[in-house]
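Inspection log for the structure reproduced underneath, given as structure tokens.
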Amino acid sequence: MNAQGEPGMLERAVEATLFAAEEPMTVEALAAHLGGIEPSEVREALALLGQHYAARGVHLVERGKRWHFETAPDLAHLLRREKEQVRRLSRAATEVLAIIAYHEPVSRAEIESIRGVQTSAGTLDVLMEAGWIRLAGRREVPGRPVIYATTPEFLDHFGLESRRDLPGIDELRAAGLLDPVDEAMEAAMRFDPDDPDEDDEEGSDAP
Amino acid sequence: MNAQGEPGMLERAVEATLFAAEEPMTVEALAAHLGGIEPSEVREALALLGQHYAARGVHLVERGKRWHFETAPDLAHLLRREKEQVRRLSRAATEVLAIIAYHEPVSRAEIESIRGVQTSAGTLDVLMEAGWIRLAGRREVPGRPVIYATTPEFLDHFGLESRRDLPGIDELRAAGLLDPVDEAMEAAMRFDPDDPDEDDEEGSDAP
Amino acid sequence: MLADAGAGSTDAALVQGAQAGDEALYLELDGWEGPLDLLLDLARRQKVDLRQISILALVDQYLTYIERAGAMRLELAADYLVMAAWLAYLKSALLLPKEEQEDPSPEELALRLQLRLQRLGAMREAAARLMGRDRIGRDVFLRGAPEGLRTDRKTVWRSDMFALIQAYGQVKARTAPRIYHVANRPVMTLDSALERVSAMLGVTLEWMEIRDFLPPHAEPALRRSALASSFVAALELARRGRAELAQDGAFAPLRIRRLKEGATA
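Protein chains in written order, with the UniProt record's numbering: chain B, 1 to 207; chain S, 1 to 207; chain U, 1 to 265.
As structure tokens, this is what we get:
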């Protein structure tokens, strides 16, 4: 590369060859590919290229005597982007979360006995992924089942100072939320709410 | 890029993204990938990059509104592989492709009226398989024939920024050579209706 | 045929030239993309702009070509022969005196052929120029090993307080022990209605409205039950031949009276 930044022919040739190459190339392979020129000339061209690309979004790098272009390390995040997708918690997962919140710490068997239906592992996975529940050790009973509890993120998301802010049973009743008619309505309005298959929507590893 | 040749952050990000991308990208796709920045900013960065790479062994090119890097054409002789990667097209396929590109959208009957010969189904299949032509709906005339048009991959492969870059298309259009024969006939008859000298003109080179 | 055509020496020379290169020409026979393609190639041999070609000379070239192919016993596809016949017709029409010409005139047919050749020629050139461009994979190359861009979808879960406590309420409601009770509703049984209606029938032989059999001060629920039971009782008594029923029309008052003894016998 001269002072004006115009690259020489060999530099351009090495640049294009490495760009198009499917695998990193050694100096010798480059020299052979470019018609049997001297490896020292290739090394010179590589040095110029390395300088030129040092400030750019792509770098020329040597790994184990092989050369290739790769994304500048500070831009590596561009290669893998995360796209957020907001989804509403399913009814099954909401029920499990509510039971954990009201009864924590609680084992899966206990959740199931309260819900009256089996709970798929997928449901608990979703709640873990959401960051709302955590493993809270094991219950010291035969089988030592894992027990679950809510997290500070749970309180955060639901706008609670603490779990004590959750409405009590009496308040729920007063709000009509324990009214069996609601359930009958629910049943009429949608599919069977007791349907154990509903849990499957979270994951496939249903019992 | 500033006077010292140091590229700005966005220019570097666009550079890295296009280097890493497996497919050409539109300005909008780039803007979205870079976290929802303004397309105009991306366009600016592309302009700077285009300038920067113009002298190098790799060029930034726009094909059908999609951008990608490719090796400089003048280095072709250094990069040609032992085995040519480009599929060999039959003469029929080549002509059909040209007719579709210069006349699109165009029906099979229209292609055949230009070539004066039936087009085997295989010819269109080959072009479709190469990804260079696509079905572009149906012509709203009796029989509703399928019509064909070229794809962005076609522009890509033949190094065309858009169909306006098709070699000689302006001259062909100006000469009326892209108009159907019937139209050209009408035009010719209008200019010299029953020109009695026309016959002589045919044989004018006879002594 | 060549002599009859009266073509000028230039044309004759061109035909001659075409014949000189015949070997290659005939070997390519399978390579033609139809008769128009062959015509275009022959026209090109005139080495003039397609707008200035001599159609008559072209016709002769084509016919000569076909003749020679025939002489060499090469099998020609039907459309080449059809074109030859048409061109022979065109040539004779072009040479006919003007007044005998039909519509469309042979000049028009010749012009149309010329226009078609121009268009095919234009596309053939365009195709060649297209194929000669810098093509990806032949002249220019894409990045050999792009890292690839990946977009990972991350799910952000959303819920709210109401959904939470509603869900809990439903769990509790669903699993709470339930007490079922059946409301004690006032009803008149069929037996007591039968008894009442039979008793009242004994009072008179006249027609009576069934409505009159109902308990006079009963609450609405009991009245509805009594009406239904009394109606069924009336039907039962009619079946036993102890009463007859009458109604003047739909929804009209239903009347009942005792059947005299022996009337049914």
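Just so it is clear, CB atoms sit at the ideal spot from N, CA and C, and this is done for glycine as well.
Just so we're clear, the structure is a prediction, and the values are computed from it rather than from any experiment.
Cβ of residue i within 8 Å of any chain U Cβ
i: glutamate 82 (chain B); result: yes
i: isoleucine 133 (chain B); result: no
i: glycine 116 (chain S); result: yes
i: leucine 177 (chain B); result: yes
i: valine 181 (chain S); result: yes
i: valine 106 (chain S); result: no
i: glutamate 186 (chain B); result: Reliability fails at glutamate 186 (chain B), whose pLDDT of 48 lies under 50, so the model's placement of it is uncertain and no value is given.
i: alanine 98 (chain S); result: yes
i: valine 126 (chain B); result: yes
i: proline 152 (chain S); result: no
First through last residue of the alpha helix (DSSP H) which encompasses residue i
i: histidine 103 (chain S); result: 91 to 103
i: isoleucine 111 (chain B); result: 108 to 115
i: glycine 159 (chain B); result: Careful: glycine 159 (chain B) lies outside any alpha helix (DSSP H) and carries neither H nor E.
i: threonine 175 (chain U); result: 161 to 175
i: leucine 18 (chain S); result: 9 to 20
i: glycine 70 (chain U); result: 55 to 71
i: valine 197 (chain U); result: 190 to 201
i: residue 230 (chain B); result: Because residue 230 (chain B) is not part of the residues shown, which for chain B are 1 to 207, the question remains open.
Opening and closing residue of the beta strand (DSSP E) in which residue i lies
i: tryptophan 67 (chain B); result: 66 to 71
i: aspartate 152 (chain U); result: 150 to 158
i: leucine 78 (chain B); result: Per DSSP, leucine 78 (chain B) belongs to no beta strand (DSSP E) and is neither H nor E.
i: glutamine 52 (chain U); result: From DSSP, glutamine 52 (chain U) is part of no beta strand (DSSP E); its letter is neither H nor E.
i: isoleucine 136 (chain U); result: Premise fails: isoleucine 136 (chain U) is in no beta strand (DSSP E) and is neither H nor E.
C-alpha distance - residue i paired with residue j, whole-angstrom precision
i: alanine 93 (chain B); j: glutamate 161 (chain B); result: 22 Å
i: alanine 55 (chain S); j: arginine 12 (chain B); result: 9 Å
i: proline 24 (chain B); j: threonine 17 (chain B); result: 10 Å
i: alanine 121 (chain S); j: isoleucine 111 (chain S); result: 12 Å
i: methionine 83 (chain U); j: alanine 98 (chain S); result: 25 Å
i: methionine 200 (chain U); j: arginine 239 (chain U); result: 17 Å
i: histidine 52 (chain B); j: proline 39 (chain B); result: 20 Å
i: valine 117 (chain S); j: alanine 20 (chain B); result: 41 Å
i: leucine 172 (chain B); j: leucine 178 (chain B); result: 6 Å
i: residue 240 (chain B); j: arginine 158 (chain U); result: Summary: the structure shown does not reach residue 240 (chain B), with chain B confined to residues 1 through 207, and so no result is reported for it.
i: glycine 70 (chain U); j: leucine 76 (chain U); result: 8 Å
i: glycine 144 (chain U); j: glutamate 183 (chain S); result: 48 Å
i: glutamate 82 (chain S); j: glycine 35 (chain B); result: Summary for glutamate 82 (chain S): the model assigns pLDDT 49, below 50, so the residue's position carries little reliability; its value from the coordinates is reported in the next sentence. Glutamate 82 (chain S) and glycine 35 (chain B): Cα-Cα distance of roughly 13 Å.
i: phenylalanine 69 (chain B); j: arginine 80 (chain S); result: 20 Å
i: arginine 163 (chain B); j: histidine 157 (chain B); result: 12 Å
i: alanine 101 (chain S); j: alanine 136 (chain S); result: 12 Å
i: arginine 119 (chain U); j: leucine 94 (chain U); result: 23 Å
i: arginine 224 (chain U); j: methionine 188 (chain U); result: 9 Å
i: glycine 121 (chain U); j: leucine 40 (chain U); result: 7 Å
i: serine 242 (chain U); j: leucine 259 (chain U); result: The question names serine, but residue 242 (chain U) in the sequence shown is arginine. C-alpha separation (whole angstroms): 5 Å.
i: valine 181 (chain S); j: alanine 188 (chain S); result: 10 Å
i: aspartate 152 (chain U); j: glycine 64 (chain B); result: 31 Å
i: glycine 159 (chain B); j: threonine 119 (chain B); result: 26 Å
i: glycine 131 (chain S); j: glycine 137 (chain U); result: 15 Å
i: proline 7 (chain S); j: glutamate 44 (chain S); result: 12 Å
Test: residue i CB closer than 8 Å to a CB of chain S
i: alanine 127 (chain U); result: yes
i: residue 318 (chain U); result: Because chain U spans 1 through 265 in this model, residue 318 (chain U) falls outside it and cannot be assessed.
i: leucine 63 (chain U); result: no
i: residue 273 (chain U); result: No statement about residue 273 (chain U) is possible, as the shown extent of chain U runs from 1 to 265 and does not include it.
i: glutamate 33 (chain U); result: yes
For residue i, the nearest candidate out of the options (CA to CA)
i: alanine 190 (chain U); options: U:Ala233, U:Gln166, U:Tyr65, U:Thr155; result: The question names alanine, but residue 190 (chain U) in the sequence shown is leucine. Per the Cα distances, U:Ala233.
i: glutamine 114 (chain U); options: U:Gly144, U:Val59, U:Trp207; result: U:Val59
i: serine 230 (chain U); options: U:Leu94, U:Ser192, U:Gly202; result: U:Ser192
i: serine 113 (chain B); options: B:Ala76, B:Glu129, B:Glu95, B:Asp125; result: B:Glu95
i: arginine 88 (chain S); options: U:Asp79, U:Arg255, U:Arg135; result: U:Arg135
i: phenylalanine 154 (chain B); options: U:Gln52, U:Phe213, U:Met161, U:Pro216; result: U:Met161
i: glycine 57 (chain B); options: S:Ser90, S:Glu15, S:Thr119, S:Arg190; result: S:Glu15
i: residue 227 (chain S); options: U:Glu108, U:Ile66, U:Arg116, U:Arg124; result: It is not possible to answer for residue 227 (chain S), since the shown part of chain S is limited to 1 through 207.
i: methionine 66 (chain B); options: B:Leu46, B:Gln85, B:Arg115; result: First, the amino acid is wrong: residue 66 (chain B) is arginine here, not methionine. Among B:Leu46, B:Gln85, B:Arg115, the Cα nearest to that of arginine 66 (chain B) belongs to B:Leu46.
Proximity test, Cβ basis, 8 Å: residue i and chain B
i: alanine 142 (chain S); result: The sequence given here places proline at residue 142 (chain S); alanine does not occur at that position. Not an interface residue.
i: leucine 48 (chain S); result: no
i: arginine 150 (chain U); result: yes
i: alanine 20 (chain S); result: yes
i: threonine 123 (chain S); result: no
* Evaluate contact between the stretch 136 to 147 of chain B and the stretch 99 to 119 of chain B, counting only Cβ atoms and requiring at least three cross-stretch pairs below 8 Å. => Between the stretch 136 to 147 of chain B and the stretch 99 to 119 of chain B, the count of Cβ pairs shorter than 8 Å is three or higher; the stretches touch.
* To do: Determine contact between the stretch 133 to 143 of chain B and the stretch 164 to 172 of chain B, defined as no fewer than three beta-carbon pairs at a distance below 8 Å.
  => Segments in contact, no.
* Using 8 Å as the threshold, is the stretch 84 to 92 of chain U in touch with the stretch 54 to 73 of chain U, meaning 3 or more CB pairs across them? -> Yes, the stretch 84 to 92 of chain U touches the stretch 54 to 73 of chain U.
* To do: Would you be able to state if there are at least three C-beta pairs under 8 Å between the stretch 28 to 35 of chain B and the stretch 73 to 81 of chain B?
  => Cβ pair count under 8 Å is below three, so no.
* **Inter-stretch contact at 8 Å, needing at least 3 Cβ pairs: the stretch 195 to 209 of chain U / the stretch 160 to 180 of chain U** => Taking 8 Å as the limit for Cβ pairs, the verdict is that the stretch 160 to 180 of chain U does not touch the stretch 195 to 209 of chain U.
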